[in-house]
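As structure tokens, the structure follows; a few thoughts come after it.
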Amino acid sequence: MSNTSLDWYDFTEDERELLVRSWALIQPHKQDVGCDIYQMIFNQCPETRYLFPKLDTTMSKKDLRKNNEFVFQALRFMQVKLQTNSFVL
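All residue numbers for the sequence shown refer to full-length UniProt numbering, where the first residue is 1 and numbers rise by one.
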């Protein structure tokens with residue numbers, strides 16, 4: 001087992017405040033933002049689609065946003081991202 005430590009970027013106080021304010025603005029829209037992020041990934045890197053075998057990533061944007069599994073995955077990503085911010089900051 002190796003003993004590896006990660007070097008974190010040392011945010012300034014201004015950067016921390018900006019990130020906190022930014023995520024506070026995103027919080028109420030986390031479902032839309034999460035869906036947008038996944039759709040951007042699938043559009044820019046189609047080879048990543050195989051990583052999500054339960055999702056029909058060929059659906060239209062409108063249909064994907066109605067798909068419970070897709071929305072759940074997007075919300076799960078955003079929840080982890082929002083929780084991670086408290087550790088990094």
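Beta carbons: idealized from backbone N, C-alpha and C, even for Gly. Note that the structure is a prediction, hence the values are computed from the model and not measured.
Given that a residue counts as buried once 16 or more other Cβ atoms are within 10 Å of its Cβ, and exposed if not, what is A24? exposed
State the Cα-Cα distance for the pair T58 and E47, rounded to the nearest angstrom. 12 Å
May I ask you to report which of helix, strand or coil DSSP gives Y9? coil
Nearest-angstrom beta carbon gap, G34 and L75 [assumed within contact, 8 Å]: 6 Å
Should M78 go down as buried or exposed, given a rule of 16 or more other Cβ atoms within 10 Å for buried? buried
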